[in-house]
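Here is the structure we will look at, set down as structure tokens.
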């Protein structure tokens, strides 16, 4: 122990970074050392002596029972227990009291040590939005700036870390690699160096290890974020299962204090894997999470930079949840200012009046709904096409940030009452829903709703390769032209009246296929598209 303490002092007070050879005591004993040497005249070896023979036939064989009693009495229980069977005072003198007890240690009940995380005001990092779609930003890059400030604010406390499988820079959280030389500065280091230095970003190419790191960090009263490629989050499916089960139980024990939530940032997602192709396309982690305890899980799909900031702020401040945030790292349009983003995220789902064509004088003819950054882009582009080609059509645009809002109120704390859902999506009008992941998930979440028979969901259906961004959505029928065609096909009577518009949309998809094969880039009308309010 003296040698161990010397190593610890050298590391903590003298700045030693070399890895010591830790001393240890190895005690090797034979199995069944104290058991009977022979039973029924036969020698007893190893495990048989310790476990099997004394317990075999003791109910029916008095000699075996005598041997078992002799063996147990060899431990001299009368020196340890009183006549009532309770441990004596000498034994109880060794039992720790209060916080020194294993189950009462604050390090085993981390909520006792938890402090509020000093998240900076969102206005310090929000991007200005004078009008929807007028500017573009990389959402995760802006989020990286906020996380940088959190690390700076916790420099002395050292109770916030970002973990991830070697993808922090790739996920555009570049602010965490600042060159200011501050004590909190994050560095990508081999795992052994992380144990000796002050790296606040911990990276190793093992999602399992990252999950274990972060779970232990949270359980001992600290805060953190797991940044990962969306497709590879599945690697920790079984581990997050256990954490969710633990949270569900611990929330029901009055003596357990809440801990910081387990927060996932899933980026480099299915719709923008231009160079990695099919191997990096799997949005199914959300499906997996939403099968779990509704009181614990939350799933957010912010459509732009400011909504990502608002969702991240909420997740980092929350307790006893598993928060999954899916956000893009590529430049994307800014749709909402920070105040609008706060209000929209608080609602979880709502209409974007500025994007639709309904005027409030009658019910909409169709609803264009969306969840996720790329589906939102395609939905707004489809709304713009409908405004241009079918201006008489009343179209409502609904954006969903909190996916659990789609569930009935009785199935999830965030679930919408039927009356609110019906008012938002209508009970009998066609709803074309552009969703980030597998489309059947939205059907599963909404199958009890009144208007479910009118719901048509577009999403990822395992079509993909190394191709252009727009080709990915075309291959999966999530593109703007297909969404316009879906509206025309589903609004009663519109198919006959708008046959020319539908044909123009189909021709645009054909031109797209020819263009990318000749030029290797998306159509100019797609690549250069901007929102025209």
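In this note's numbering, the protein residues as written are -3 to 529.
For each residue, glycine too, the CB sits at the ideal point set by N, CA and C.
Cβ-based burial, residue i [other Cβ within 10 Å; buried from 16]
i: residue 310; result: buried
i: residue 538; result: The first residue shown for the chain is -3 and the last is 529, placing residue 538 beyond what the model contains.
i: residue 528; result: exposed
i: residue 501; result: buried
i: residue 0; result: exposed
i: residue 431; result: buried
i: residue 458; result: exposed
i: residue 21; result: exposed
i: residue 60; result: buried
i: residue 77; result: exposed
i: residue 267; result: buried
i: residue 460; result: buried
i: residue 13; result: exposed
i: residue 307; result: buried
i: residue 103; result: exposed
i: residue -2; result: exposed
i: residue 377; result: buried
i: residue 411; result: buried
i: residue 89; result: exposed
i: residue 82; result: exposed
i: residue 521; result: exposed
Where residue i sits in the DSSP three-state scheme
i: residue 323; result: coil
i: residue 22; result: coil
i: residue 468; result: helix
i: residue 224; result: strand
i: residue 523; result: helix
i: residue 432; result: coil
i: residue 175; result: Confidence at residue 175 is low in this model, with a pLDDT of 34, below 50, so its placement is unreliable and no value can be given for it.
i: residue 501; result: helix
i: residue 48; result: Only weak support exists for where residue 48 lies, its pLDDT of 49 falling under 50; the value from the coordinates is given anyway. In the structure shown, residue 48 sits in a helix (DSSP, three-state: H, G or I).
i: residue 296; result: strand
i: residue 317; result: coil
i: residue 256; result: strand
i: residue 454; result: strand
i: residue 517; result: coil
i: residue 237; result: helix
i: residue 374; result: helix
i: residue 188; result: Residue placement at residue 188 is poorly supported in this model, since its pLDDT is 35, which falls under 50; the coordinates still yield a value, given next. DSSP places residue 188 in helix when its eight states are reduced to three.
i: residue 132; result: strand
i: residue 75; result: helix
i: residue 346; result: strand
i: residue 109; result: coil
Of the listed residues the options, nearest to residue i (C-alpha basis)
i: residue 489; options: 140, 478 and 361; result: 361
i: residue 375; options: 329, 85 and 135; result: 329
i: residue 332; options: 152, 169 and 397; result: 397
i: residue 161; options: 127, 119 and 230; result: 230
i: residue 207; options: 216, 221, 217 and 196; result: 221
i: residue 402; options: 19, 414 and 373; result: 414
i: residue 384; options: 351, 244 and 286; result: 351
i: residue 463; options: 377, 516, 417 and 416; result: 516
i: residue 35; options: 346, 25 and 54; result: 54
i: residue 499; options: 511, 485 and 512; result: 485
i: residue 204; options: 236, 371 and 75; result: 236
i: residue 291; options: 202, 409 and 71; result: 409
Distance CB(residue i)-CB(residue j) smaller than 8 Å
i: residue 324; j: residue 434; result: no
i: residue 421; j: residue 427; result: yes
i: residue 125; j: residue 131; result: yes
i: residue 225; j: residue 264; result: yes
i: residue 424; j: residue 465; result: no
i: residue 169; j: residue 143; result: yes
i: residue 509; j: residue 327; result: no
i: residue 312; j: residue 113; result: yes
i: residue 258; j: residue 305; result: no
i: residue 155; j: residue 62; result: no
i: residue 343; j: residue 108; result: no
i: residue 354; j: residue 394; result: no
i: residue 296; j: residue 255; result: no
i: residue 213; j: residue 247; result: no
i: residue 227; j: residue 278; result: yes
query = Is there contact between the stretch 141 to 161 and the stretch 352 to 370, where contact requires at least three CB pairs shorter than 8 Å?
reply = no
request  = Examine the Cβ distances between the stretch 298 to 315 and the stretch 114 to 123 and report whether three or more of them are shorter than 8 Å.
outcome  = Output reads yes: the stretch 114 to 123 touches the stretch 298 to 315.
key: Three or more C-beta pairs below 8 Å linking the stretch 434 to 449 and the stretch 332 to 352   = Touching, no, given that fewer than three Cβ pairs across the two stretches are closer than 8 Å.
message = Assess contact between the stretch 472 to 484 and the stretch 281 to 298, defined as three or more Cβ pairs (one per stretch) separated by less than 8 Å. Is contact present?
response = no
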